[in-house]
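Please read the structure below before turning to the comments.
Protein chains in written order, with the numbering used here: chain A, 8 to 360; chain B, 404 to 647; chain C, 2 to 293.
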């Protein structure tokens, strides 16, 4: 009797899982699934295929694929342009770093503190903006103001060592300690790969669920969305808070990968702009856009850098000029981003475009 | 019988201009109520106040016995009032089906169930065949029916239609009239419509309110209204009355 | 006691003079937004171009910044005109965040190009009178700040006169007030937009020249001034020229006083706090029109 119930429960669970998987990936065309599979396989094997330098670049690419998708939730799905997203990464990084450096608390536990705090920070910004009807470009300026406020604030905060920077204790690089995020680049690579993949699945799930539909409605026409009963304030707040919480993980990763944090760099507007380049160039509001954007942008930028170095030029800032030019070209010529154009070309289309 | 919708002395002014001046009327459950009047008479402002897009300066708006004046649009929708817009506003980048699904999400637990519940509605509004088309690519009559379908998906007890016949050819307009009549009869849906197309008003409405410069100048049955000298003077014109 | 008052007085006056230059910079931003309805995210960066030009010409030709005011402003005018005509006018029907991002891209390009060309080290303009000051009782005023402030007043006054009385100025105001009306009356709106952007750029160019007398020049100064410009313009009122000047004075003085009361490097925190408060409670600013 008991055995029957057990098999029934497992069967029931498996069935529910299968249905969830079907709803999330059900209407993805076979072509897309194959391409996805190939991409994933290649990425999984990367540490064996490339040298350390390229691996570091891939880590950066996946980092931006991660943050780009997180930012995309706020902008692409809910339509709010944030140019101060670095604040969430910064908060996440500093919280986890301080907890580890001062109290020896593992980053994964530190994350449990960082995410809610980042979400609250997002909630404050969101509340102020949405309650007081600060929208569009003004919202962007508001987010910049908050990030700058954080930058200067942390720069003077002795608790986190202010502008001198916070350094994490590094005892060894030899063996991998996943719990404390200490180890060689390969470990970090898989962590960020898993994170980027997780966010991808999360975004897809969100998009296909009730909250995703409401977000799209708000993005398309907020007044019309309200007229069909959608409480736009609540859903916009949810988008901001989810986006903020996810971005905070990027900060934690950054802190433990680079082992140091300087407010001037971490909260800098350049970080915020770097985060948005991928999704804008790849395609706001799409699922693959941020990922493609991250690959294209970082890949080309590193290529340019290598070429310049090879020719004997050491130009700090050349990468940023390149980013600026790419952004300019995309805004002018491909306003929807590269992915929609590419998808049309190879016959894959996303529903939310 | 207690009215489903009741406005008492509702007023709204925008800086110097009085858009709606102490307008009162009742709409009984199951009624087809039309509001007509020249452009700028305050009809859409009235709708916006009922639907919650703007708040009245004075007066009471009661729906199903509860005061709704000043409530936000999403709350009003949840109470059971659906609306369309004078200039059609479907969600342009989403499909026809997704548009209606979003409306259905108000009462459905999840997207799958919502999608199922929209099948009948789409068929009823002659949109089932086009359900996968992107809303922005539809013709105007189709977009109008889509907006009605989306509003209906929220299962309203009262539907506010703002010039839903505008821009439609007589055949399309007749089609819409037939759909609305059927909804009113079969679902007991109360409908309040702003209209300029008198053909539709005469065919649909059991009661008409005439607004001019924010003031209610006449109210009653359609046949009586079109003969009312004040109405003829301000809005209809003698020629039209002769034709009707 | 008098020592304390003297310090406060000097700091305030210095703040006012700097604030006048800020005001001129913000004036350009306000004019551009008020007429063309474009939020110029590259404003501070354009100013930094003017500043570097000043530094360059000063070090190679020993020309005093105030003498170079007109030519450099003219160069920036051409730059602004070309920018509007070439990059913004063709895409005028795009959503507003599109134009915003375009200017974000431009800002990125400018800042880093300057970094590549000039390097990260600070440059200064050491004029003959750099250490001079005027004394009026307890008041000690830096000569550089005084000249800068005076020049700012002159340029702002010229701009006011232009918009009030010159036919071209009136035409531009017409575009701002009523785009369709202006078209109907036969004004070449796109050309007027380009002219306006050029004027705004010339303003910020002039402000940049004056700024070299007050601060050191680094590539990263661009974004800082862009943000400061936003704070001033939003506080004073987008689209209001007088508002920009008043906002500039306000920010100049609060910055100076905050630098006195707290650490100097934290003074921009106040600017941002003011921005947030204004955005929340009075988004149209002190003198702005409620078109937002």
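Here a beta-carbon is modelled for each residue, glycine too, at the ideal position from N, C-alpha and C.
Check: Residue 522 of chain B - DSSP class collapsed to helix/strand/coil; Outcome: helix
Check: Candidates C:213, C:114 and C:264, of which the one nearest residue 324 of chain A by Cα; Outcome: C:114
Check: Cβ of residue 179 of chain C within 7 angstroms of any chain A Cβ; Outcome: no
Check: Supposed contact pair residue 118 of chain A and residue 273 of chain A - C-beta distance, whole angstroms, cut 8 angstroms; Outcome: Not quite, the Cβ-Cβ distance comes to about 17 angstroms (not below 8 angstroms), so this is no contact.
Check: Identified DSSP bridge partners for residue 651 of chain B; Outcome: In the structure as shown, chain B starts at 404 and stops at 647, and residue 651 of chain B therefore has no counterpart that could be examined.
Check: Collapsed DSSP secondary structure at residue 178 of chain C in the structure displayed; Outcome: helix
Check: Candidates A:310, A:242, A:159 and A:251, of which the one nearest residue 92 of chain A by Cα; Outcome: A:251
Check: Continuous beta strand (DSSP E) stretch holding residue 134 of chain C: start and end; Outcome: 134-137
Check: Nearest-angstrom Cα separation, counted from residue 118 of chain C out to residue 313 of chain A; Outcome: 19 angstroms
Check: Cβ shell of residue 291 of chain C (< 8 angstroms), same chain only, five flanking positions each side left out; Outcome: With a pLDDT of only 45 at residue 291 of chain C, under the threshold of 50, the placement of this residue in the model should not be trusted; the figure read from the coordinates follows. The residues are 285.
Check: Own chain partners of residue 553 of chain B with C-beta closer than 6 angstroms, once the 5 adjacent residues on each side are dropped; Outcome: 502, 503 and 506
Check: Residues near residue 498 of chain B by beta carbon distance below 8 angstroms, same chain, minus five either side; Outcome: 534, 535, 536, 537 and 538
Check: Chain C contact for residue 322 of chain A (CB, 7 angstroms cutoff); Outcome: yes
Check: Buried/exposed call for residue 208 of chain A, threshold 16 Cβ in 10 Å; Outcome: exposed
Check: Paired residues, beta bridge with residue 5 of chain C - DSSP; Outcome: Residue 5 of chain C is not bridged to any residue.
Check: The alpha helix (DSSP H) enclosing residue 101 of chain C, as first and last residue numbers; Outcome: 97-119
Check: Where residue 556 of chain B falls, given that 16 or more other Cβ within 10 Å makes a residue buried; Outcome: buried
Check: Within chain C, partners of residue 139 of chain A - CB distance below 9 angstroms; Outcome: 280, 281, 282 and 284
Check: Below-7 angstroms beta-carbon distance, residue 319 of chain A vs any chain C residue; Outcome: no
Check: When B:468, B:449, B:466 and B:467 are compared against residue 459 of chain B, the one with the closest alpha-carbon; Outcome: B:449
Check: Where residue 454 of chain B sits in the DSSP three-state scheme; Outcome: helix
Check: Simplified DSSP state of residue 238 of chain C, which is helix, strand or coil; Outcome: coil
Check: Three-state secondary structure (DSSP) of residue 545 of chain B; Outcome: helix
Check: Segment contact flag, the region 193-208 of chain A with the region 121-138 of chain A, C-beta cutoff 8 angstroms, min 3 pairs; Outcome: no
Check: Pick from B:420, B:466, B:426 and B:523 that is closest to residue 593 of chain B, judged by C-alpha positions; Outcome: B:466
Check: Alpha carbon of residue 576 of chain B to alpha carbon of residue 565 of chain B, nearest angstrom; Outcome: 14 angstroms
Check: Same chain, Cβ closer than 8 angstroms to residue 99 of chain C, five either side skipped, listed in chain order; Outcome: 92
Check: Cβ-based burial, residue 44 of chain C [other Cβ within 10 Å; buried from 16]; Outcome: buried
Check: Residue 486 of chain B, enclosing alpha helix (DSSP H) - first and last residue; Outcome: It is not in any alpha helix (DSSP H) - residue 486 of chain B instead sits in the beta strand (DSSP E) that spans 484-486.
Check: Cutoff 7 angstroms: residue 506 of chain B Cβ touching any chain A Cβ; Outcome: yes
Check: CA nearest to the CA of residue 164 of chain C, picked from C:52, C:184 and C:197; Outcome: C:197
Check: Length of the line joining the Cα atoms of residue 83 of chain C and residue 191 of chain C; Outcome: 12 angstroms
Check: Cα-Cα separation between residue 107 of chain A and residue 262 of chain A, rounded to whole angstroms; Outcome: 10 angstroms
Check: Proximity of residue 153 of chain C and residue 251 of chain C at Cβ, strictly below 7 angstroms; Outcome: no
Check: CB contact below 7 angstroms: residue 331 of chain A versus chain C; Outcome: yes
Check: Coarse secondary structure for residue 624 of chain B, derived from DSSP in three states; Outcome: coil
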